[in-house]
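**Student:**
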Amino acid sequence: MSTSASASADDETAQWWATAVSHIEPGSIELRDRPVQELIGSVGLVDTLWLLLRGALPSPRQSALLEAALVAGVDHGPQAPSIAAARMAATCGVGLNNAIATGVNMLGDVHGGAGQQCVEMLEEIRTLHVEGRDWDAAAAEVMALRQERSRYLPGFGHRFHPVDPRRDPLLRLVEEAVAAGVVAGDHLQAALAVDRALQKRRAGARPVPMNIDGATAVIYAELGFPAPLARGLFVISRSVGILAHAWEETGQGRRNKGPIPRSILPARLNPVGQRPTEESAS
5 MSTSASASAD DETAQWWATA VSHIEPGSIE LRDRPVQELI GSVGLVDTLW
55 LLLRGALPSP RQSALLEAAL VAGVDHGPQA PSIAAARMAA TCGVGLNNAI
105 ATGVNMLGDV HGGAGQQCVE MLEEIRTLHV EGRDWDAAAA EVMALRQERS
155 RYLPGFGHRF HPVDPRRDPL LRLVEEAVAA GVVAGDHLQA ALAVDRALQK
205 RRAGARPVPM NIDGATAVIY AELGFPAPLA RGLFVISRSV GILAHAWEET
255 GQGRRNKGPI PRSILPARLN PVGQRPTEES AS
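Mapped onto my numbering, the consecutive letters of the sequence shown carry residue numbers 5 to 286.
#1: List in chain order: all unbroken alpha helix (DSSP H) runs of 4+ residues lying wholly within the stretch 204-255.
#2: Skipping 5 residues on each side, what residues in its chain have a beta carbon closer than 8 Å to that of Gly81?
#3: Would you kindly check if the distance between the Cβ of Ala195 and the Cβ of Gln120 is under 9 Å?
#4: Can you tell me where the alpha helix (DSSP H) holding His27 begins and where it ends?
#5: In terms of residue numbering, what span does the beta strand (DSSP E) encompassing Leu35 cover?
#6: By DSSP, does Pro39 sit in helix, in strand, or in coil?
#7: Nearest CA to the CA of Leu247: which residue from Val146, Ile28 and Ile104?
#8: Straight-line CA distance for Ile129 to Cys122?
#9: Closer than 8 Å is the cut-off here; do at least three beta carbon pairs connect the stretch 133-148 with the stretch 230-244?
#10: Given a cut-off of 9 Å, decide if Asp190 and Met214 are closer than it, judged by their beta-carbon atoms.
#11: Going straight from the alpha carbon of Phe160 to that of Leu53, what length do you get?
#12: May I have the straight-line CA-CA distance separating Leu61 from Ala184, to the nearest angstrom?
#13: Counting pairs of Cβ atoms below 8 Å between the stretch 169-183 and the stretch 61-78, do you hit three or more?
#14: Pull up the distance between the alpha-carbon of Asp15 and that of Phe238, whole angstroms please.
#15: Which whole-angstrom value is the C-beta distance of Thr220 and Leu273, which I expect to be below 8 Å?
#16: Near Ala94, which residues of its chain fall below 6 Å by C-beta distance, leaving aside the five closest residues on each side in sequence?
#17: To the nearest angstrom, how far is it from the Cα of Ser32 to the Cα of Pro39?
#18: For the putative contact between Pro1 and His115, defined by C-beta atoms under 8 Å, what is the C-beta separation to the nearest angstrom?
#19: So, with DSSP's three-state summary, where would you put Gly116?
#20: Taking only runs of the alpha helix (DSSP H) that begin and end inside the stretch 51-99, which ones reach a length of at least 4 residues, in chain order?
#21: Can you name, in chain order, every residue of its own chain whose Cβ lies under 6 Å from the Cβ of Ala225, other than the five neighbours on each side?
#22: In angstroms, rounded to a whole number, what distance separates the CA positions of Pro30 and Arg170?
#23: Just to check my reading of the structure: Val75 and Leu56 have Cβ atoms closer than 8 Å, yes? What is that Cβ distance to the nearest angstrom?
#24: Taking 9 Å as the cut-off, decide whether the C-beta atoms of Ala73 and Ser241 are in contact.
#25: Considering just the uninterrupted stretch of the alpha helix (DSSP H) at Leu111, what are its terminal residues?
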(Lines of atoms letter the chains of each structure in order from A and count residues from 1; the text may use other names and numbers.)
(Lines give C-alpha, C1' and ligand atoms only; values in the text may rest on other atoms or scores of the structure.)
Protein backbone atom coordinates (compact mmCIF):
# COMPACT_ATOMS: atom_id res chain seq x y z
CA MET A 1 0.00 0.00 0.00
CA SER A 2 1.36 3.43 -0.90
CA THR A 3 2.13 6.01 1.76
CA SER A 4 -0.77 8.20 0.65
CA ALA A 5 -3.17 5.25 0.62
CA SER A 6 -2.04 4.20 4.10
CA ALA A 7 -2.49 7.75 5.40
CA SER A 8 -5.97 7.87 3.85
CA ALA A 9 -6.94 4.57 5.53
CA ASP A 10 -5.63 5.81 8.87
CA ASP A 11 -7.62 9.03 8.52
CA GLU A 12 -10.77 7.11 7.63
CA THR A 13 -10.35 4.92 10.71
CA ALA A 14 -9.76 7.96 12.92
CA GLN A 15 -12.90 9.64 11.57
CA TRP A 16 -14.88 6.42 12.12
CA TRP A 17 -14.29 6.74 15.87
CA ALA A 18 -14.32 10.56 16.04
CA THR A 19 -15.91 11.83 19.27
CA ALA A 20 -16.27 15.08 21.14
CA VAL A 21 -16.55 13.31 24.49
CA SER A 22 -12.89 12.53 24.99
CA HIS A 23 -9.55 12.63 23.23
CA ILE A 24 -6.75 10.24 24.17
CA GLU A 25 -3.13 10.37 23.00
CA PRO A 26 0.04 8.99 24.58
CA GLY A 27 0.49 10.95 27.79
CA SER A 28 -2.72 12.94 27.33
CA ILE A 29 -6.35 12.41 28.38
CA GLU A 30 -8.89 15.11 27.65
CA LEU A 31 -12.57 15.03 28.64
CA ARG A 32 -14.55 17.50 26.53
CA ASP A 33 -11.25 19.24 25.70
CA ARG A 34 -10.32 19.59 29.37
CA PRO A 35 -7.12 17.83 30.55
CA VAL A 36 -8.10 15.22 33.09
CA GLN A 37 -5.35 16.34 35.46
CA GLU A 38 -7.15 19.68 35.76
CA LEU A 39 -10.41 17.94 36.68
CA ILE A 40 -8.98 15.51 39.23
CA GLY A 41 -9.37 16.95 42.72
CA SER A 42 -11.24 20.04 41.55
CA VAL A 43 -14.40 18.73 39.84
CA GLY A 44 -16.85 16.36 41.50
CA LEU A 45 -18.34 13.22 39.97
CA VAL A 46 -21.76 14.81 39.35
CA ASP A 47 -20.14 17.77 37.58
CA THR A 48 -18.03 15.40 35.50
CA LEU A 49 -21.15 13.47 34.54
CA TRP A 50 -22.77 16.73 33.40
CA LEU A 51 -19.60 17.72 31.54
CA LEU A 52 -19.44 14.49 29.58
CA LEU A 53 -23.15 14.56 28.69
CA ARG A 54 -23.54 18.28 28.02
CA GLY A 55 -20.08 19.51 27.01
CA ALA A 56 -19.73 22.14 29.75
CA LEU A 57 -19.71 22.27 33.54
CA PRO A 58 -22.95 23.03 35.39
CA SER A 59 -23.49 25.94 37.73
CA PRO A 60 -23.31 25.06 41.43
CA ARG A 61 -27.13 25.19 41.73
CA GLN A 62 -27.62 23.00 38.66
CA SER A 63 -25.11 20.53 40.05
CA ALA A 64 -26.81 20.43 43.45
CA LEU A 65 -30.21 19.78 41.87
CA LEU A 66 -28.86 16.95 39.71
CA GLU A 67 -27.05 15.43 42.69
CA ALA A 68 -30.25 15.44 44.75
CA ALA A 69 -32.06 13.47 42.04
CA LEU A 70 -29.22 10.97 41.79
CA VAL A 71 -29.06 10.49 45.56
CA ALA A 72 -32.83 9.96 45.78
CA GLY A 73 -32.78 7.08 43.31
CA VAL A 74 -29.84 5.04 44.56
CA ASP A 75 -31.74 2.26 46.33
CA HIS A 76 -35.18 0.89 47.10
CA GLY A 77 -34.30 -2.36 48.84
CA PRO A 78 -34.63 -5.94 47.59
CA GLN A 79 -38.32 -5.31 46.81
CA ALA A 80 -36.95 -3.69 43.64
CA PRO A 81 -36.41 -6.36 40.94
CA SER A 82 -33.08 -4.84 39.88
CA ILE A 83 -31.61 -5.21 43.36
CA ALA A 84 -33.14 -8.62 44.01
CA ALA A 85 -31.72 -9.90 40.73
CA ALA A 86 -28.27 -8.52 41.49
CA ARG A 87 -28.25 -10.16 44.91
CA MET A 88 -29.26 -13.53 43.44
CA ALA A 89 -26.65 -13.22 40.68
CA ALA A 90 -23.95 -12.43 43.24
CA THR A 91 -24.42 -15.93 44.74
CA CYS A 92 -24.01 -17.73 41.41
CA GLY A 93 -20.27 -17.32 40.93
CA VAL A 94 -20.53 -14.74 38.15
CA GLY A 95 -18.44 -12.03 39.76
CA LEU A 96 -19.36 -8.58 41.05
CA ASN A 97 -19.37 -6.92 37.65
CA ASN A 98 -21.82 -9.46 36.26
CA ALA A 99 -24.05 -9.17 39.32
CA ILE A 100 -24.22 -5.40 38.76
CA ALA A 101 -24.92 -5.91 35.06
CA THR A 102 -27.72 -8.32 35.92
CA GLY A 103 -29.40 -5.69 38.07
CA VAL A 104 -28.91 -2.92 35.53
CA ASN A 105 -30.37 -5.09 32.78
CA MET A 106 -33.59 -5.39 34.81
CA LEU A 107 -34.19 -1.64 34.38
CA GLY A 108 -36.67 -1.67 31.54
CA ASP A 109 -39.87 0.12 30.56
CA VAL A 110 -41.81 -1.10 33.61
CA HIS A 111 -39.07 -1.00 36.28
CA GLY A 112 -36.72 1.91 35.71
CA GLY A 113 -38.18 3.45 32.57
CA ALA A 114 -40.98 5.51 34.11
CA GLY A 115 -38.72 8.54 34.50
CA GLN A 116 -38.11 8.70 30.76
CA GLN A 117 -41.80 8.19 30.06
CA CYS A 118 -42.72 10.88 32.57
CA VAL A 119 -40.39 13.41 30.95
CA GLU A 120 -42.08 12.66 27.63
CA MET A 121 -45.50 13.21 29.22
CA LEU A 122 -44.43 16.48 30.85
CA GLU A 123 -43.08 17.69 27.51
CA GLU A 124 -46.43 16.91 25.88
CA ILE A 125 -48.26 18.91 28.54
CA ARG A 126 -45.81 21.79 28.24
CA THR A 127 -46.28 21.89 24.47
CA LEU A 128 -50.05 22.22 24.86
CA HIS A 129 -49.54 24.95 27.45
CA VAL A 130 -47.31 26.88 25.06
CA GLU A 131 -50.10 26.55 22.48
CA GLY A 132 -52.53 28.27 24.84
CA ARG A 133 -54.09 25.72 27.21
CA ASP A 134 -53.87 26.35 30.91
CA TRP A 135 -51.88 23.79 32.87
CA ASP A 136 -54.88 21.84 34.13
CA ALA A 137 -56.51 21.61 30.70
CA ALA A 138 -53.24 20.60 29.07
CA ALA A 139 -52.66 17.91 31.71
CA ALA A 140 -56.19 16.56 31.36
CA GLU A 141 -55.84 16.25 27.58
CA VAL A 142 -52.51 14.44 27.73
CA MET A 143 -53.66 12.19 30.57
CA ALA A 144 -56.76 11.16 28.64
CA LEU A 145 -54.76 10.28 25.55
CA ARG A 146 -52.24 8.28 27.55
CA GLN A 147 -54.85 6.44 29.57
CA GLU A 148 -56.53 5.28 26.40
CA ARG A 149 -53.43 3.09 26.02
CA SER A 150 -52.69 2.27 29.67
CA ARG A 151 -54.32 2.95 33.01
CA TYR A 152 -50.90 3.83 34.43
CA LEU A 153 -49.43 7.32 34.24
CA PRO A 154 -45.62 7.26 34.44
CA GLY A 155 -44.25 8.90 37.55
CA PHE A 156 -47.46 8.61 39.59
CA GLY A 157 -48.57 5.99 42.11
CA HIS A 158 -46.46 3.52 44.02
CA ARG A 159 -47.02 -0.14 44.79
CA PHE A 160 -45.33 0.25 48.20
CA HIS A 161 -45.61 3.83 49.50
CA PRO A 162 -48.90 5.70 50.04
CA VAL A 163 -46.72 8.82 49.77
CA ASP A 164 -43.20 8.45 48.39
CA PRO A 165 -40.88 9.98 51.02
CA ARG A 166 -38.47 11.08 48.30
CA ARG A 167 -41.01 13.24 46.48
CA ASP A 168 -41.46 16.34 48.66
CA PRO A 169 -37.77 17.07 49.35
CA LEU A 170 -37.06 16.93 45.62
CA LEU A 171 -40.00 19.15 44.72
CA ARG A 172 -38.98 21.70 47.37
CA LEU A 173 -35.54 21.88 45.78
CA VAL A 174 -37.09 22.45 42.37
CA GLU A 175 -39.33 25.20 43.76
CA GLU A 176 -36.27 26.86 45.30
CA ALA A 177 -34.42 26.56 41.99
CA VAL A 178 -37.37 28.16 40.16
CA ALA A 179 -37.43 31.04 42.66
CA ALA A 180 -33.69 31.55 42.16
CA GLY A 181 -34.00 31.53 38.37
CA VAL A 182 -31.97 28.35 37.99
CA VAL A 183 -34.75 26.54 36.09
CA ALA A 184 -37.93 27.78 34.42
CA GLY A 185 -40.48 25.69 36.29
CA ASP A 186 -42.66 24.63 33.35
CA HIS A 187 -42.13 20.91 33.89
CA LEU A 188 -42.83 21.33 37.59
CA GLN A 189 -46.14 23.02 36.76
CA ALA A 190 -47.01 20.22 34.33
CA ALA A 191 -46.35 17.57 36.98
CA LEU A 192 -48.33 19.41 39.64
CA ALA A 193 -51.27 19.70 37.23
CA VAL A 194 -51.26 15.91 36.77
CA ASP A 195 -51.03 15.50 40.54
CA ARG A 196 -54.04 17.77 41.09
CA ALA A 197 -56.10 15.94 38.47
CA LEU A 198 -55.37 12.55 40.03
CA GLN A 199 -56.26 13.68 43.54
CA LYS A 200 -59.60 15.11 42.37
CA ARG A 201 -60.37 12.01 40.34
CA ARG A 202 -59.66 9.59 43.17
CA ALA A 203 -61.36 11.33 46.09
CA GLY A 204 -61.89 8.71 48.78
CA ALA A 205 -59.85 6.07 46.94
CA ARG A 206 -56.23 5.06 47.32
CA PRO A 207 -54.13 8.12 46.48
CA VAL A 208 -51.91 8.14 43.39
CA PRO A 209 -49.40 10.87 44.20
CA MET A 210 -46.25 11.67 42.30
CA ASN A 211 -43.49 9.15 43.02
CA ILE A 212 -39.69 9.17 42.74
CA ASP A 213 -39.83 8.67 38.98
CA GLY A 214 -42.07 11.71 38.63
CA ALA A 215 -40.04 13.92 40.95
CA THR A 216 -36.72 13.07 39.32
CA ALA A 217 -38.31 13.43 35.88
CA VAL A 218 -39.22 16.99 36.84
CA ILE A 219 -35.61 17.67 37.79
CA TYR A 220 -34.07 16.08 34.71
CA ALA A 221 -36.51 17.90 32.44
CA GLU A 222 -36.05 21.24 34.20
CA LEU A 223 -32.28 20.85 33.83
CA GLY A 224 -32.67 20.28 30.10
CA PHE A 225 -31.87 16.57 29.83
CA PRO A 226 -33.68 14.81 26.95
CA ALA A 227 -36.13 12.10 27.98
CA PRO A 228 -33.87 9.11 27.16
CA LEU A 229 -31.21 10.51 29.48
CA ALA A 230 -33.71 10.44 32.34
CA ARG A 231 -33.48 6.66 32.14
CA GLY A 232 -29.72 6.75 31.69
CA LEU A 233 -29.27 8.97 34.74
CA PHE A 234 -31.56 6.73 36.80
CA VAL A 235 -29.46 3.72 35.77
CA ILE A 236 -26.32 5.48 37.02
CA SER A 237 -28.06 6.36 40.27
CA ARG A 238 -29.52 2.91 40.91
CA SER A 239 -26.18 1.28 40.05
CA VAL A 240 -24.86 2.59 43.36
CA GLY A 241 -27.46 0.64 45.32
CA ILE A 242 -27.06 -2.40 43.10
CA LEU A 243 -23.32 -2.39 43.77
CA ALA A 244 -23.83 -2.10 47.54
CA HIS A 245 -26.39 -4.93 47.65
CA ALA A 246 -24.35 -7.21 45.39
CA TRP A 247 -21.26 -6.62 47.51
CA GLU A 248 -23.16 -7.27 50.75
CA GLU A 249 -24.57 -10.50 49.32
CA THR A 250 -21.13 -11.78 48.37
CA GLY A 251 -20.12 -11.63 52.03
CA GLN A 252 -23.09 -13.58 53.35
CA GLY A 253 -21.93 -16.99 52.17
CA ARG A 254 -25.02 -18.05 50.23
CA ARG A 255 -24.80 -20.10 47.07
CA ASN A 256 -27.45 -20.11 44.34
CA LYS A 257 -29.82 -17.85 46.23
CA GLY A 258 -33.32 -18.07 44.80
CA PRO A 259 -36.17 -15.56 44.98
CA ILE A 260 -37.76 -17.30 48.00
CA PRO A 261 -36.30 -19.32 50.90
CA ARG A 262 -35.77 -23.02 50.12
CA SER A 263 -38.29 -23.96 52.82
CA ILE A 264 -41.11 -22.30 50.87
CA LEU A 265 -42.42 -24.08 47.79
CA PRO A 266 -44.23 -22.12 45.08
CA ALA A 267 -48.00 -22.60 45.04
CA ARG A 268 -49.65 -24.33 42.11
CA LEU A 269 -51.25 -21.69 39.89
CA ASN A 270 -54.53 -22.28 38.10
CA PRO A 271 -53.60 -22.02 34.41
CA VAL A 272 -56.54 -19.69 33.86
CA GLY A 273 -55.71 -17.42 36.79
CA GLN A 274 -53.99 -14.08 36.26
CA ARG A 275 -52.73 -11.91 39.08
CA PRO A 276 -53.42 -8.18 38.63
CA THR A 277 -50.43 -6.00 37.93
CA GLU A 278 -49.43 -3.26 40.34
CA GLU A 279 -48.35 0.35 40.00
CA SER A 280 -44.70 0.51 39.13
CA ALA A 281 -42.22 2.89 40.63
CA SER A 282 -38.55 2.63 41.23
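Using N, Cα and C, we set each Cβ at its ideal position, and we do this for glycine too.
**Tutor:** Considering the structure as presented:
#1: Correct list: 216-226 and 231-254.
#2: Within the sequence shown, residue 81 is the residue found at index 77, counting from 1. Sequence-distant Cβ neighbours of Gly81 in its own chain, meaning closer than 8 Å and more than five residues away, are Ile87.
#3: Counted from its first residue, the sequence shown places residue 120 at position 116. Counted from its first residue, the sequence shown places residue 195 at position 191. In this structure, Ala195 does not lie closer than 9 Å to Gln120 by Cβ.
#4: For this step, residue 27 is matched to residue 23 along the sequence shown. Run containing His27: none in the alpha helix (DSSP H); it sits in the beta strand (DSSP E), Ser26 to Glu29.
#5: As a position in the sequence shown, residue 35 is number 31, starting the count at 1. Per DSSP, the continuous beta strand (DSSP E) segment holding Leu35 begins and ends at Ser32 to Leu35.
#6: Position 35 of the sequence shown, counted from the first residue, corresponds to residue 39. Strand at Pro39.
#7: As a position in the sequence shown, residue 247 is number 243, starting the count at 1. Closest option to Leu247, Cα to Cα, is Ile104.
#8: Along the sequence shown, one-based indexing puts residue 129 at 125. Along the sequence shown, one-based indexing puts residue 122 at 118. Rounded to whole angstroms, Ile129 to Cys122 spans 11 Å at the Cα level.
#9: With the cut-off at 8 Å, the stretch 133-148 and the stretch 230-244 do not touch.
#10: Walking along the sequence shown from the start, residue 214 turns up at place 210. Walking along the sequence shown from the start, residue 190 turns up at place 186. Not in contact: Met214 and Asp190 (Cβ atoms no closer than 9 Å).
#11: Residue 160 sits at position 156 when you count from the first residue of the sequence shown. Residue 53 sits at position 49 when you count from the first residue of the sequence shown. If I take the Cα positions, the gap works out to 27 Å.
#12: Against the sequence shown, residue 61 aligns to sequence position 57. Against the sequence shown, residue 184 aligns to sequence position 180. For Leu61 and Ala184, the distance between alpha carbons rounds to 19 Å.
#13: Touching, per the Cβ criterion.
#14: Locating residue 15 in the sequence shown gives position 11, counting from the first residue. Locating residue 238 in the sequence shown gives position 234, counting from the first residue. Between Asp15 and Phe238, the alpha-carbon positions lie close to 37 Å from each other.
#15: Taking the first residue of the sequence shown as 1, we reach residue 220 at position 216. Taking the first residue of the sequence shown as 1, we reach residue 273 at position 269. Not confirmed; about 35 Å, so no contact.
#16: Position 90 of the sequence shown, counted from the first residue, corresponds to residue 94. Excluding residues within five positions, the ones whose Cβ falls inside 6 Å are Ala103, Ala250, Glu253 and Thr254.
#17: Start at 1 with the first residue of the sequence shown, and residue 32 comes out as number 28. Start at 1 with the first residue of the sequence shown, and residue 39 comes out as number 35. Taking the straight line from one Cα to the other gives about 7 Å.
#18: For the chain, the structure presents residues 5 to 286; residue 1 sits outside this window and is missing.
#19: Indexing the sequence shown from 1 puts residue 116 at position 112. Residue state, collapsed to three classes: strand.
#20: Runs of alpha helix (DSSP H) with 4 or more residues, each lying fully within the stretch 51-99, are found at 64-76 and 85-94, listed in chain order.
#21: Counted from its first residue, the sequence shown places residue 225 at position 221. Correct list, in chain order: Val123, Leu126 and His191.
#22: By 1-based counting over the sequence shown, the position of residue 30 is 26. By 1-based counting over the sequence shown, the position of residue 170 is 166. Those two C-alpha atoms are separated by around 45 Å.
#23: Indexing the sequence shown from 1 puts residue 75 at position 71. Indexing the sequence shown from 1 puts residue 56 at position 52. About 19 Å; that fails the 8 Å criterion.
#24: Translated into positions along the sequence shown, residue 73 becomes position 69. Translated into positions along the sequence shown, residue 241 becomes position 237. Note that the C-beta distance between Ala73 and Ser241 is below 9 Å.
#25: The sequence position of residue 111 within the sequence shown is 107, counting from 1. For Leu111, there is no enclosing alpha helix (DSSP H), as DSSP gives it neither H nor E.
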